[in-house]
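Student:
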Amino acid sequence: MRASQLGMSVACIERRPTLGGTCLNVGCIPSKALLHSTELFAEVSEGLEEHGIGIGGVALNLCQLIRRKDEVVSGLTKGVEHLLKKNKVEWVKGSASFEAPDRLAIELGEGGTRSLTANKAILVATGSDVARLPGIEIDECRVISNTGALSLAKVPEHLVVIGGGYIGLELGCVWQRLGAKVTVVEFLDGIVPSMDREIARQLLKLLKQQGLEFRFQTKVTGVEKREEDLLISLEPAQGGPAETLMADVVLVAVGRRPYTEGLGLERVGIAPDEKGRIPVSLGFKTVVPGIFAIGDVIAGPMLAHKTTLDGVRCVEGIAGRYAGVDYNTVPAVIYTSPEVASVGKTEEELNAASVEYKVGKFPFSANSRARCNGDTRGLTKLLADAKTDRLLGAHIIGPDAGTMIHEAVLAMEFGGTTEDLTLTTHAHPTLPESLKEAALALLGQGLHI
Ligand code: NAD
């Protein structure tokens with residue numbers, strides 16, 4: 010759409026029957042719809058007596074819960090279709106593969122083929138696919154990926170999740186809240202390896218309190234599909250005696266891999282790197298002039314908003330404008346309850362780079378609005394350069410962390426300091442006051458703790 014706004018004539022080739030890619034169809038959007046519904050279910054099931062609100066029986070209508078999620082998705086995919094039309098982008102329904110650096114062969118969804126020649130650029134934005142484990146076949150029924158986990162016909166009795174990352178935790182929470190016993194099997198010794206460790210430990214503690222179970226430093230070596238159940242073989246990550254677990258559903262969430270199958274990259278001389286990513290230089294240029302790549306198919310965080318950033322910058326670059334990106338200010342959010350949101354560096358990254366930094370923290374238990382709301386879990390943690398006070402990282406675990414992180418993102422985009430945050434007036438009583446308080450704490454001027 011941005012390319013079209015910049016005056017280019019654009020065709021978008023997509024073979025899925027609906028637009029919006031992984032995020033909209035089987036990723037961010039349906040998972041957040043389920044996370045929201047199940048959070049309401051969990052909250053109401055736990056009761057609201059504290060607020061003086063009595064509730065009768067709480068019943069789950071799983072069909073309706075899933076239908077609502079599907080309606081959210083279809084409303085938004087239709088919206089994207091409308092936006093493409095509005096921006097005069099032609100949707101070519103089919104699968105594309107390179108015939109030449111400037112030419113694509115398209116197998117049309119309705120049958121037949123078509124050839125498209127680009128006189129300016131071809132942009133590869135084919136995304137990623139679930140990473141598979143050898144010998145574990147995903148059938149999206151009993152052994153599922155994120156796709157199957159969005160539409161289970163009944164709540165599993167025991168869901169085993171392989172991988173304690175974004176997908177494993179979010180979708181594990183969805184089914185745990187609806188009554189499933191959930192065991193997360195993680196290869197490493199903690200959840201979400203990319204997260205600041207102090208925050209990860211807090212999240213782990215809260216998830217355990219909610220009832221999720223964890224097996225760390227453990228790998229799954231096989232899943233045997235039996236008539237009644239699944240027999241899962243586990244082994245300590247460093248080797249050792251094997252054991253088994255029984256479950257009725259297994260969710261494979263061990264990461265995603267760039268998706269380039271069938272694209273014919275070899276025909277134009279583009280070789281993916283050792284992780285299957287398309288190498289690009291500044292401006293998202295591949296080694297072949299006129300071919301560009303963005304999103305999950307190149308290096309960087311596999312996040313929808315990072316892809317949007319890439320895409321817009323890429324076509325701006327093609328139009329002769331600035332095409333640089335700074336992934337350091339791309340926020341990441343895990344939509345568990347409470348949410349975890351971060352931007353910039355973690356303490357571990359700063360230590361590894363021998364950067365001298367200061368830390369400021371503020372717990373939500375000391376935030377008046379969190380007290381009013383009755384949810385005081387978590388904290389805000391800021392990291393700033395010890396000499397310049399420039400904000401280097403922000404990590405929030407707590408209610409609405411995903412909304413609050415943007416204040417820190419904006420501060421970092423402007424090269425802001427923690428002093429800037431302290432000089433910014435925050436409305437009282439609000440949750441974002443915790444950012445100002447963490448900044449004050451960092452400067453040794455804490456007021457409310
Ligand atoms: P991930 O990289 O977040 O986590 C994968 C986890 O699996 C890691 O903790 C890893 O140590 C573990 N693992 C790897 N191999 C294993 C094995 N054999 N046995 C046990 N554990 C193993 O990947 P994901 O959760 O699959 O998510 C995929 C991508 O989708 C991520 O890049 C993520 O950024 C993105 N995503 C983002 C969001 C969000 O922004 N809220 C939500 C869902 C997914």
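Sequential numbering of the sequence shown, starting at 10, is according to my numbering.
The beta carbon of each residue, even a glycine, is placed where N, CA and C say it ideally should be.
Quantities reported herein were computed from a predicted structural model and do not represent experimental measurements.
#1: Rounded to the nearest angstrom, what separates Lys-470 and Pro-26 at their Cα positions?
#2: With DSSP collapsed to three states, give me the class of Arg-224.
#3: Could you have a look at Lys-284 and say whether DSSP puts it in helix, strand or coil?
#4: Where does Gly-174 land, buried or exposed, given buried means 16+ other C-beta within 10 angstroms?
#5: In the DSSP assignment, what residue or residues form a beta bridge with Asp-138?
#6: Any chance you could list the beta strand (DSSP E) runs of at least 3 consecutive residues sitting entirely within the region 55-116, in chain order?
#7: Alpha carbon to alpha carbon, how far is Ile-405 from Pro-110?
#8: Could you tell me which of Val-349, Val-35, Ser-290, Val-352 sits nearest to Cys-323, measuring between CA atoms?
#9: For Met-469, does the three-state DSSP call read helix, strand or coil?
#10: Run through the region 396-451 for me and flag every whole beta strand (DSSP E) of 3 or more residues, listed as ranges in chain order.
#11: Compute the minimum distance between the beta carbon of Leu-312 and the heavy atoms of ligand 1, and state whether it is under 6 Å.
#12: Roughly how many angstroms lie between the CA atoms of Leu-57 and Val-261, to the nearest whole one?
#13: Could you tell me whether the Cβ atoms of Ala-158 and Leu-180 are closer together than 7 Å?
#14: Using the beta-carbon count (16 or more within 10 Å), is Met-413 buried or exposed?
#15: Have a look at the DSSP bridge pairing and note the partners of Thr-126.
#16: Any heavy atom of ligand 1 closer than 6 Å to the Cβ of Gly-228?
#17: What are the boundary residues of the beta strand (DSSP E) that Ala-341 is part of?
#18: Is the beta carbon of Ile-171 within less than 6 Å of some heavy atom of ligand 1?
#19: Tell me which residue opens and which closes the beta strand (DSSP E) that Ala-251 is part of.
#20: Tell me where the alpha helix (DSSP H) around Thr-389 begins and ends.
#21: Nearest by alpha-carbon distance to Lys-190: which of Val-164, Glu-207, Ile-208, Pro-298 is it?
#22: Does DSSP put Phe-371 in a helix, in a strand, or in coil?
#23: Is there contact here, the region 375-395 with the region 301-311, by at least three beta-carbon pairs under 8 Å?
#24: Give the DSSP bridge partners of His-167, in chain order.
#25: Quick check: the region 362-371 against the region 442-458, are at least 3 beta-carbon pairs closer than 8 Å?
#26: Which residues share a DSSP beta bridge with Ser-46?
#27: Please classify Gly-333: is it buried, with 16 or more other beta-carbons within 10 angstroms of its beta-carbon, or exposed?
#28: Run through DSSP, which three-state label would Leu-197 get?
#29: Determine whether the beta carbon atoms of Leu-221 and Gln-185 lie at a separation below 7 Å.
#30: Counting C-beta neighbours from all protein chains within 10 Å, is the total for Met-255 16 or more, i.e. buried, or is it exposed?
#31: Answer yes or no: do Leu-187 and Thr-345 have a C-beta to C-beta separation smaller than 7 Å?
#32: Taking only heavy atoms of ligand 1 into account, decide whether any of them is closer than 6 Å to the Cβ of Val-263.
#33: Could you tell me whether the Cβ atoms of Ile-75 and Ser-160 are closer together than 7 Å?
#34: Applying the 10 Å Cβ sphere with the 16-neighbour rule, what's the burial state of Pro-298?
#35: Can you tell me whether Lys-315 is buried or exposed, with buried defined as 16 or more other CB within 10 angstroms of its CB?
Tutor: Put simply:
#1: The requested residue 470 is not part of the displayed model; the chain covers only 10 to 458.
#2: Translated into the one-based positions of the sequence shown, residue 224 becomes position 215. Reduced to three states, the DSSP call for Arg-224 is strand.
#3: Position 275 of the sequence shown holds residue 284. Reduced to three states, the DSSP call for Lys-284 is coil.
#4: Indexing the sequence shown from 1 puts residue 174 at position 165. When all chains shown are included, Gly-174 counts as buried.
#5: Stepping through the sequence shown from its first residue, residue 138 is reached at position 129. Beta-bridge analysis with DSSP links Asp-138 to Arg-266.
#6: 98-109, all fully within the region 55-116.
#7: Taking the sequence shown and counting its residues from 1, one reaches residue 405 at position 396. Taking the sequence shown and counting its residues from 1, one reaches residue 110 at position 101. As the crow flies, the alpha-carbon of Ile-405 is around 45 Å from that of Pro-110.
#8: Along the sequence shown, one-based indexing puts residue 323 at 314. Comparing Cα positions, the closest option is Ser-290.
#9: Look at the range of the chain in this structure, 10 to 458, and you will see that residue 469 is not part of it.
#10: Entirely contained in the region 396-451, the beta strand (DSSP E) runs reaching 3 residues are, in chain order, 400-407.
#11: Your numbering for residue 312 matches position 303 in the sequence shown. For ligand 1, at least one heavy atom lies less than 6 Å from the Cβ of Leu-312.
#12: Residue mapping note: residue 57 aligns to position 48 of the sequence shown, counting from 1. Residue mapping note: residue 261 aligns to position 252 of the sequence shown, counting from 1. Each residue's alpha carbon lies about 35 Å from the other.
#13: By 1-based counting over the sequence shown, the position of residue 158 is 149. By 1-based counting over the sequence shown, the position of residue 180 is 171. Yes, the Cβ-Cβ distance between Ala-158 and Leu-180 is below 7 Å.
#14: For this step, residue 413 is matched to residue 404 along the sequence shown. Buried: at least 16 other Cβ atoms inside 10 Å.
#15: If you number the sequence shown from 1, residue 126 lands on position 117. Its beta-bridge partners are Arg-112.
#16: Numbered from its first residue, the sequence shown carries residue 228 at position 219. Note that residue 228 corresponds to Lys in the displayed sequence, not to Gly. Yes.
#17: Position 332 of the sequence shown holds residue 341. Looking at the DSSP string, the run of the beta strand (DSSP E) that includes Ala-341 is 341-343.
#18: In the sequence shown, the residue the question calls residue 171 occupies position 162. True, at least one ligand heavy atom lies under 6 Å from that Cβ.
#19: The residue given as residue 251 occupies position 242 in the sequence shown. In the DSSP assignment, Ala-251 falls outside any beta strand (DSSP E), carrying neither H nor E.
#20: Taking the first residue of the sequence shown as position 1, residue 389 is located at position 380. Note, Thr-389: premise wrong, no alpha helix (DSSP H); beta strand (DSSP E) at 388-394.
#21: Here residue 190 is taken as the residue at index 181 of the sequence shown, counted from 1. Closest by alpha carbon: Val-164.
#22: Taking the first residue of the sequence shown as position 1, residue 371 is located at position 362. In the structure shown, Phe-371 sits in a strand (DSSP, three-state: E or B).
#23: Note that the region 375-395 does not touch the region 301-311; fewer than 3 beta-carbon pairs, one per stretch, sit closer than 8 Å.
#24: One-based indexing of the sequence shown puts residue 167 at position 158. DSSP output for His-167 lists Lys-190 as bridge partner(s).
#25: As far as the Cβ criterion goes, the region 442-458 touches the region 362-371, which means the pair count is three or higher.
#26: As a position in the sequence shown, residue 46 is number 37, starting the count at 1. Paired residues: none, contrary to the question.
#27: Here the question's residue 333 lines up with position 324 in the sequence shown. Residue environment: Gly-333 is assigned as exposed (fewer than 16 neighbouring CB atoms within 10 Å of its CB, all protein chains considered).
#28: Against the sequence shown, residue 197 aligns to sequence position 188. When secondary structure is reduced to three states using DSSP, Leu-197 falls in the coil class, being assigned neither helix nor strand.
#29: Residue mapping note: residue 221 aligns to position 212 of the sequence shown, counting from 1. Residue mapping note: residue 185 aligns to position 176 of the sequence shown, counting from 1. Yes, these two residues count as a Cβ contact at 7 Å.
#30: One-based indexing of the sequence shown puts residue 255 at position 246. By the 10 Å Cβ count, Met-255 comes out exposed.
#31: Taking the sequence shown and counting its residues from 1, one reaches residue 187 at position 178. Taking the sequence shown and counting its residues from 1, one reaches residue 345 at position 336. With contacts defined by Cβ atoms closer than 7 Å, Leu-187 and Thr-345 do not form a contacting pair.
#32: Position 254 of the sequence shown, counted from the start, is the residue given in the question as residue 263. Yes; taking the cut-off as 6 Å, the Cβ of Val-263 has a heavy atom of ligand 1 nearer than that.
#33: Here the question's residue 75 lines up with position 66 in the sequence shown. Here the question's residue 160 lines up with position 151 in the sequence shown. Yes.
#34: One-based indexing of the sequence shown puts residue 298 at position 289. Looking at its Cβ environment, which holds fewer than 16 other Cβ atoms inside 10 Å, Pro-298 is exposed.
#35: By one-based count along the sequence shown, residue 315 stands at place 306. In this structure Lys-315 is buried. Its beta-carbon is surrounded by 16 or more other beta-carbon atoms within 10 angstroms.
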